[in-house]
Amino acid sequence: MPKYQYILAALLCWGSHAAADTVRVAVASNFAAPMNALAAAYEAQSGHQLLISSASSGKFFAQIRQGAPYHLFFSADQDKPLALEQMQLTASGTRSTYAHGTLALWSRFAAPTATTLQSLAQNPTQKVALANPKFAPYGMAAKQVLQHLGLDHTRAQWVLGENVAQSYQFAYSGNVAFGFVSYSQVKSGNGFYWLPPKDWYTPIRQDVVLLKTAQNNPAARGFLAYIQTPPAREIIQFWGYEVPDN
Amino acid sequence: MPFLTDTDLQTLWLTLQLATTVTLILLIIGTPIAWWLACTRSWLKGPVATIIAMPLVLPPTVLGFYLLLAMGPQGPIGAFTQSLGLGTLPFSFTGLVVASVIYSMPFVVQPLQNTMEAIGRRPIEVAATLGAGPWDRFFSVVLPLARPGFITAAILGFAHTVGEFGVVLMIGGSIPGETRLVSVQIYDHVEALQYPQAHALAAVMIGFAFFTLLALYAFQRRHPGSGYKVGI
Chain G
42 MPKYQYILAA LLCWGSHAAA DTVRVAVASN FAAPMNALAA AYEAQSGHQL
92 LISSASSGKF FAQIRQGAPY HLFFSADQDK PLALEQMQLT ASGTRSTYAH
142 GTLALWSRFA APTATTLQSL AQNPTQKVAL ANPKFAPYGM AAKQVLQHLG
192 LDHTRAQWVL GENVAQSYQF AYSGNVAFGF VSYSQVKSGN GFYWLPPKDW
242 YTPIRQDVVL LKTAQNNPAA RGFLAYIQTP PAREIIQFWG YEVPDN
Chain U
447 MPFLTDTDLQ TLWLTLQLAT TVTLILLIIG TPIAWWLACT RSWLKGPVAT
497 IIAMPLVLPP TVLGFYLLLA MGPQGPIGAF TQSLGLGTLP FSFTGLVVAS
547 VIYSMPFVVQ PLQNTMEAIG RRPIEVAATL GAGPWDRFFS VVLPLARPGF
597 ITAAILGFAH TVGEFGVVLM IGGSIPGETR LVSVQIYDHV EALQYPQAHA
647 LAAVMIGFAF FTLLALYAFQ RRHPGSGYKV GI
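Protein chains in written order, with the working numbering: chain G, 42 to 287; chain U, 447 to 678.
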């Protein structure tokens, strides 16, 4: 048997082995860190392997519509999993909320408060960073907080990031004094944060859905069941999210 | 719904303003750099040419991220601009101009340098024997002979700035009328699942790219040796 046939056979074996117990997970960037922790725990417990890709929910949505080979989609919002469900790209009855996000106002140098935000109105050179409210759930929440404080007219001072990670970068680099981020990003890090009251913004509910191509994948279904278990819920809470009532 | 919204048109206009400003600045500062690179025998030639070419290799988001840090209040560029009383550069049109000049520099300097090297020493030496001083030699001999290189450099610098995305995303902040360029607007449309608007704006960009490059190739066919070959 020529050498290349061994190589081919080895590749086929390796490929089929990987496919049997592999779960391909698409996760919104804000939830990437807790996802790694959840994956490690699930892998240790089940022996399955999780391949995690993190990007913005909007990009995953576009890719899944074009047949991207993900099994599970953890979105940063509810709209996109719902839209995929309506396009019949998901396994029926699998859409559920896995976490509630918490908005934080973060500064590297001084503890921010609602009064800090009011300084936007007094000082036109002052800027605040937030994720783009047009598509980022945390950006939408930040906009609602600013509107709640009557700061809608300071829009020219809002620096928009692609997501909360970029909002954090803008504040971290000192280019803005403070930025709206997710609580999970800054909970255990440096700097100072303030959590705006929850009734100032619409709850940030993050939904997960099993994609139709994976409806017969037991490892993927297993992971979906695992994230509802008490240990998994503890991990999610540890990272600064609230979990939905069971 | 109209083909393009007012906001879309605003981003197109802003992009044209940026590309024009950057191209003019690059032609002004790129010319002496290219001339020095074409003439010098200094050991510095290699390192300087390398630094100018670096943006060709670095991922734009990487470049953008470090420009964000460098231009911030704690960064060296930020400290300098603040000491001049200019504040800091990110999230401003000026900041985009500075970043784009760095980012598009190789696309202007390299065609100019190649054209100037192709002219060779001889025409300049002839001009010198006829009594032309160094400035006269440059303006009366080098610049006219390098004209095709200038046109290639201007088109490439302009087109590359229009197509810029990663750097702008990192230091722009998507402020309407100030830093929200076409590329960012298309990206925002896609992220917001507004695909029809993204398609419309992308169609404009495709048309622009096609006709700009077509014009460049037609020009290069008529003027062989204009410095920089892309694609053909």
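From the three backbone atoms N, C-alpha and C, an ideal C-beta is built for every residue, glycine too.
- Contact of SER214/G with chain U by beta-carbon distance below 7 Å involves LEU514, LEU515, GLY518.
- Under the 8 Å criterion on CB atoms, GLU84/G is classed as non-interfacial with respect to chain U.
- GLU610/U has a beta carbon lying at 8 Å or more from every beta carbon in chain G.
- In this structure, GLU624/U sits near SER538/U, with a CB-CB distance shorter than 8 Å.
- With a beta-carbon spacing of about 7 Å, GLY612/U and PRO505/U fall inside the 8 Å limit used to define contacts.
- Restricted to the region 77-165 of chain G, the alpha helix (DSSP H) segments that are unbroken, complete and at least 4 residues in length are 98-106, 120-127, 155-163, listed in chain order.
- What ILE621/U touches in chain G, judged by beta-carbon distance under 8 Å, is ALA197, TRP199, VAL200, LEU201, going in chain order.
- Rounded to the nearest whole angstrom, the CA to CA distance from PRO153/G to TYR213/G is 14 Å.
- Here GLN559/U is buried, its C-beta having at least 16 other C-beta atoms within 10 Å.
- Relative to the Cα of MET616/U, the nearest Cα in the group LEU515/U, PRO478/U, THR598/U, LEU458/U belongs to LEU515/U.
- For secondary structure counted as the alpha helix (DSSP H) over 4 or more consecutive residues, the region 518-590 of chain U holds these complete runs in sequence order: 522-529, 539-565, 568-575, 580-583.
- The beta-carbon of SER97/G is placed less than 8 Å from the nearest beta-carbon of chain U.
- Taking the CA atoms as reference points, ASN258/G sits about 29 Å from PHE279/G.
- A straight line joining the alpha-carbon of TYR224/G with that of TRP459/U spans about 38 Å.
- Counting the other CB atoms within 10 Å of its CB gives SER586/U a total below 16, which places it among the exposed residues.
- Secondary structure of ALA638/U (DSSP, three-state): coil.
- Taking a beta-carbon distance threshold of 8 Å, PRO505/U does not count as an interface residue toward chain G.
- For ILE498/U, the enclosing alpha helix (DSSP H) starts and ends at 491-503.
- Chain-order list of chain G residues neighbouring VAL614/U: empty, with the shortest C-beta distance near 11 Å, by a criterion of under 7 Å.
- For the pair GLN666/U and THR451/U, the CB atoms are not nearer than the 8 Å cut-off.
- Leaving aside the five residues that flank VAL186/G on each side, the residues in its chain whose CB is nearer than 6 Å to its CB run, in chain order, PRO237, TRP241, TYR242.
- Taking 8 Å as the cut-off, the Cβ atoms of THR486/U and PHE604/U do not count as close.
- According to the DSSP secondary-structure assignment, ARG65/G is paired through a beta bridge with LEU92/G.
- The Cβ atoms of VAL222/G and ALA145/G lie closer than 8 Å to each other.
- Three or more Cβ pairs closer than 8 Å define a contact, and the region 97-110 of chain G falls short of that threshold against the region 74-87 of chain G.
- Interface criterion not met: the Cβ of ALA109/G is under 8 Å from no Cβ in chain U.
- Residues of the same chain with a CB within less than 8 Å of the CB of VAL630/U, apart from the 5 flanking positions on each side, are THR457, PHE611, VAL614, LEU615, GLY618, SER620 in chain order.
- The three-state reading of DSSP puts ILE277/G in helix, counting H, G and I together.
- Under the three-state reduction of DSSP, LEU201/G is assigned to strand.
- For TYR234/G, the CB contacts under 6 Å within the same chain, skipping 5 residues up- and downstream, are ALA145, TRP147, VAL227 in chain order.
- Taking 8 Å as the threshold, the shortest C-beta distance from GLN188/G to chain U does not fall below it.
- Taking all protein chains shown into account, LEU490/U has fewer than 16 neighbouring C-beta atoms within 10 Å of its C-beta and is therefore exposed.
- When 9 Å is used as the limit between beta carbons, ASP634/U is near these residues of chain G: ASN173, LYS175, PHE176, LEU201, GLU203, in chain order.
- A Cβ of chain G is located within less than 8 Å of the beta carbon of THR534/U.
- Listed as beta-bridge partners of TYR234/G by DSSP are TRP147/G.
- Of GLY232/G, THR166/G, GLY191/G, the smallest CA-CA separation from VAL200/G is found for THR166/G.
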